[in-house]
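First up is the structure itself, then whatever we jot down about it.
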Amino acid sequence: MIKLLITGIWICAVALASVYFSVQMANKKETVEPPAAMFGGLETIRGEMVSIPVIRDGAVQGYFLTRLSYTVDPERAKAMSVPLPELATDVLYTALVGEQVIDFTGARKFDLEAFKTQVKETLNAKLGEEVFHDVLVEQIDFLSKADIRSNMRRGNVETKKGESMGPVDGPPAEDKAASGH
């Protein structure tokens with residue numbers, strides 16, 4: 001009879017211990033490490049194709065063409081009231097036209113990493129916190145006025161003819177300068 005009682009107590013102890021450990025394992029919180037920057041956690045926003053005039057000595061010397069993408073914190077990006085592509089375009093125009101950070105016409109060597117860092121830091125400074133984590137270059141070109149003229153002469157540029165907006169048979173427009181207005 002004592003054997004039966006000891007066996008029953010043993011079975012109850014093993015059952016209670018197994019239930020206790022299974023509950024402890026189910027309630028154990030896993031420590032989640034934040035994902036690495038390039039392996040999740042960030043969202044890539046594709047920027048628009050931007051054509052920025054390069055102005056020197058009061059005249060357009062050429063055009064800086066670029067398409068950039070940006071890796072951003074998705075939570076912070078959703079909270080923004082200004083769309084990210086428009087903000088990035090504004091920063092590019094401000095840095096390259098207003099502040100003239102880079103002189104494309106006189107530069108023999110273009111420091112791409114410095115350009116990307118400048119764009120990222122300017123964007124984050126404008127927002128007041130780090131929302132932009134990286135700037136990815138999809139396309140970057142500089143076309144001088146001579147390059148554009150050369151392409152036009154060779155016929156590499158297609159020009160499209162549109163429909164006339166005014167009457168074809170009507171009288172010519174009056175010269176406003178001659179009339180004094």
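If you use the UniProt record's numbering, the sequence shown corresponds to residues 1 to 181, in order. We put the CB at the ideal spot given by N, CA and C, even for glycine.
Point to revise | C-alpha distance - Gly41 paired with Ala13, whole-angstrom precision | key: Note on geometry: alpha-carbon atoms of Gly41 and Ala13 lie some 46 Å from one another.
Review point. So is Tyr70 buried or exposed if we call it buried at 16+ other beta carbons inside 10 Å?
Key: Within a 10 Å sphere around the beta-carbon of Tyr70 sit 16 or more other beta-carbons, which makes this residue buried.
Check your understanding: Would you call Ile45 buried or exposed, if buried means 16 or more other Cβ atoms sit within 10 Å of its Cβ?
Key -> By the neighbour-count criterion, in which 16 or more other beta carbons inside 10 Å mark a residue as buried, Ile45 falls on the buried side.
Exercise for review: For Leu123, collect the residues of the same chain with a Cβ closer than 6 Å to its Cβ; drop the 5 residues on either side in sequence, then sort them by chain order.
Suggested key: Once the five neighbours on either side are set aside, the close Cβ partners of Leu123 are Val91 and Phe132.
Practice item. Count the other CB atoms, across all protein chains shown, that sit within 10 Å of the CB of Ala17; report buried if there are 16 or more and exposed otherwise. Key: It counts as exposed.
Point to revise | Secondary structure, beta strand (DSSP E): runs of 3+ residues fully inside the region 78–135 | key: The qualifying runs do not exist here; there are none.
Check your understanding: Grouping DSSP H, G and I as helix and E and B as strand, with all else coil, what is Leu4?
Key -> Leu4 falls in the helix class under three-state DSSP.
Review point. Rounded to a whole number of angstroms, what is the C-alpha to C-alpha distance between Ala26 and Met80?
Key: Between the alpha carbons of Ala26 and Met80 lies a distance of about 39 Å.
Exercise for review: Decide if Thr66 is buried, meaning its Cβ has at least 16 other Cβ atoms within 10 Å, or exposed.
Suggested key: Thr66 counts as buried, since at least 16 other C-beta atoms from the protein chains shown sit within 10 angstroms of its C-beta.
Exercise for review: Leaving out five residues on either side along the sequence, give the residues of the same chain with a beta carbon under 7 Å from the beta carbon of residue 217.
Suggested key: Because residue 217 is not part of the residues shown, which for the chain are 1 to 181, the question remains open.
Review point. Buried or exposed: where does Gly8 fall if 16 or more other Cβ atoms within 10 Å of its Cβ makes it buried?
Key: Taking all protein chains shown into account, Gly8 has fewer than 16 neighbouring C-beta atoms within 10 Å of its C-beta and is therefore exposed.
Check your understanding: By DSSP, does Asp57 sit in helix, in strand, or in coil?
Key -> In the three-state scheme derived from DSSP, where H, G and I count as helix and E and B as strand, Asp57 is classed as coil.
Exercise for review: Kindly indicate which residue of Leu68, Gly58, Val19 and Leu5 has the alpha-carbon position closest to the one of Gln139.
Suggested key: Taking only the C-alpha atoms, the option nearest Gln139 is Leu68.
Review point. Going by Cα to Cα distance, which pick from Leu127, Glu129, Asp134 and Gly128 is closest to Phe115?
Key: It is Asp134 whose Cα lies nearest to the Cα of Phe115.
Point to revise | N-terminal and C-terminal residue of the alpha helix (DSSP H) that Lys145 is part of | key: It spans Lys145 to Arg154 - the alpha helix (DSSP H) in which Lys145 sits, taken as one unbroken run.
**Study point:** Distance CB(Gly128)-CB(Ala88) smaller than 8 Å
**Key:** No, Cβ-Cβ distance for Gly128 and Ala88 is not below 8 Å.
Exercise for review: Give the single residue among Leu136, Tyr63, Glu130 and Glu113 whose Cα lies nearest to the Cα of Pro74.
Suggested key: In terms of Cα proximity to Pro74, the closest of Leu136, Tyr63, Glu130 and Glu113 is Glu130.
Review point. Is it right to say Gly58 is buried, meaning 16 or more other beta carbons lie within 10 angstroms of its own, or is it exposed?
Key: So Gly58 counts as exposed.
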